[in-house]
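A.B. asks: Please find one structure pasted underneath; my questions will follow.
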Amino acid sequence: KAGVTQTPRYLIKTRGQQVTLSCSPISGHRSVSWYQQTPGQGLQFLFEYFSETQRNKGNFPGRFSGRQFSNSRSEMNVSTLELGDSALYLCASSLARAQETQYFGPGTRLLVL
Amino acid sequence: QKEVEQNSGPLSVPEGAIASLNCTYSDRVSQSFFWYRQYSGKSPELIMSIYSNGDKEDGRFTAQLNKASQYVSLLIRDSQPSDSATYLCAVGKDMRFGAGTRLTVKP
Numbered sequence: 005k006a007g008v009t010q011t012p013r014y015l016i017k018t019r020g021q022q023v024t025l026s027c028s029p030i031s032g033h034r035s036v037s038w039y040q041q042t043p044g045q046g047l048q049f050l051f052e053y054f055s056e057t058q059r060n061k062g063n064f065p066g067r068f069s070g071r072q073f074s075n076s077r078s079e080m081n082v083s084t085l086e087l088g089d090s091a092l093y094l095c096a097s098s099l100a101r102a103q104e105t106q107y108f109g110p111g112t113r114l115l116v117l
Numbered sequence: 011q012k013e014v015e016q017n018s019g020p021l022s023v024p025e026g027a028i029a030s031l032n033c034t035y036s037d038r039v040s041q042s043f044f045w046y047r048q049y050s051g052k053s054p055e056l057i058m059s060i061y062s063n064g065d066k067e068d069g070r071f072t073a074q075l076n077k078a079s080q081y082v083s084l085l086i087r088d089s090q091p092s093d094s095a096t097y098l099c100a101v102g103k104d105m106r107f108g109a110g111t112r113l114t115v116k117p
C-alpha cells in the first residue's frame, strides 16, 4: 500500500506570496492532519480534516487554511507569506481520527525569502 | 509555561541499558498521549499511544501514564544504536507536541 505523499517536496517563495501544498493520504484513510515543524517551535498542529470538514484547529493565524476533497486528498494554503513561515510542513493520515495511528508523509520544505 | 515539556537532552545511554524519557503536560483534561520517534531528516513515526493510567508495554517499549501527576514517560529496554533518534511526546486531541528529547545509544 502506498504511503502518504506530499507535493511539492521543496518550495521557495518570497514574502507576500501565497502557497498551496498538497497531501494524498494512504488509501482508505479519511483523516488528514497538517503540522508545521521548525527548529525553534518544534512540531505544531495546524488542523485536521475528516470527510471534507475541519475537525480540529491549532493556534495559527487565519493565513493558514486548508481543505479536503471527497477523495480525502487535502491541500493547505498559506497566504501573504512571512519569513517565519519557512518550515517543514508535514501531513499525516489515519483511518478516522488523528488520535489513532497516524502515518506521516515526507513533508514539504518551504523557504520564504 | 509550555503546554507539553520534555527534556531536550541529549540523553546518552550505553547499548543494552534502559533509556527513560519523560514528558509533562499542563492540560489536566487531556485524555490521549502519544510517543513518536523521529530519525534525523525523516518524518515522525508512532511508537506508542496510551490513554489510561498505568503501564503499556509493546516489545522493548513501555509507556507509563500518571494523569494525577500529569506526566507520561517512555522506557526503552535493551537500548540499541538504532534507537538513536529524537523522541516526541504528543498530548490531547489537538496533538500538542513537546520539543522532543534527542537520544543517543552508544555501542
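Heads up: the sequence lines are chains A and B, in that order. Sequential numbering from 5 applies to the first sequence in the numbering used here. Sequential numbering from 11 applies to the second sequence in the numbering used here. For each residue, glycine too, the CB sits at the ideal point set by N, CA and C. Source: prediction; values computed, not measured.
Taking 8 Å as the threshold (beta carbon to beta carbon), is Glu13 of chain B in contact with chain E?
C.D. replies: Absent from the structure is chain E; the protein chains it does hold are A and B.
A.B. asks: So for Gly26 of chain B, helix, strand or coil by DSSP?
C.D. replies: Three-state DSSP puts Gly26 of chain B in coil, outside helix and strand.
A.B. asks: Buried or exposed, going by whether 16 or more other CB atoms sit within 10 Å of the CB of Gln22 of chain A?
C.D. replies: Classification of Gln22 of chain A: exposed, given that the 10 Å Cβ count is below 16.
A.B. asks: So the beta strand (DSSP E) Leu113 of chain B belongs to, where does it begin and stop?
C.D. replies: Residues Thr111 to Lys116.
A.B. asks: Counting only C-beta atoms, is Glu67 of chain B closer than 8 Å to chain A at any point?
C.D. replies: Judged by the 8 Å Cβ criterion, Glu67 of chain B is not in contact with chain A.
A.B. asks: Which whole runs of the alpha helix (DSSP H) in the stretch 6-76 of chain A are 4 residues long or more, in chain order?
C.D. replies: Listed in chain order, nothing qualifies, since the stretch 6-76 of chain A has no complete alpha helix (DSSP H) run of 4 or more residues.
A.B. asks: From Glu52 of chain A to Tyr81 of chain B, what distance separates their C-alpha atoms?
C.D. replies: Using only the alpha carbons, I get a separation of about 25 Å.
A.B. asks: In this structure, what does DSSP give as the bridge partners for Tyr49 of chain B?
C.D. replies: In the DSSP output, where bridge partners are listed per residue, Tyr49 of chain B has none listed.
A.B. asks: By Cβ distance below 6 Å, which residues in the same chain neighbour Asn81 of chain A in space, the five residues on each side in sequence not counted?
C.D. replies: If we look at Asn81 of chain A and ignore the five residues flanking it on each side, its Cβ neighbours are Thr24 and Ser69.
A.B. asks: So Thr111 of chain B and Thr96 of chain B are in contact, right, with Cβ under 8 Å, and what is the actual spacing, rounded?
C.D. replies: Correct: roughly 7 Å between the Cβ atoms.
A.B. asks: Is there at least one Cβ from chain B nearer than 8 Å to Phe108 of chain A's Cβ?
C.D. replies: Yes, because at least one Cβ of chain B sits closer than 8 Å to the Cβ of Phe108 of chain A.
A.B. asks: Residues of chain B with CB under 7 Å from Leu94 of chain A, in chain order?
C.D. replies: Those are Ser53, listed as they occur along chain B.
A.B. asks: Tell me which same chain residues have a C-beta within less than 8 Å of the C-beta of Pro43 of chain A, skipping the five on either side of it?
C.D. replies: Hits under 8 Å: none found.
A.B. asks: Determine, for Lys77 of chain B, whether the minimum Cβ-Cβ distance to residues of chain A falls below 8 Å.
C.D. replies: It does not; no Cβ of chain A falls within 8 Å.
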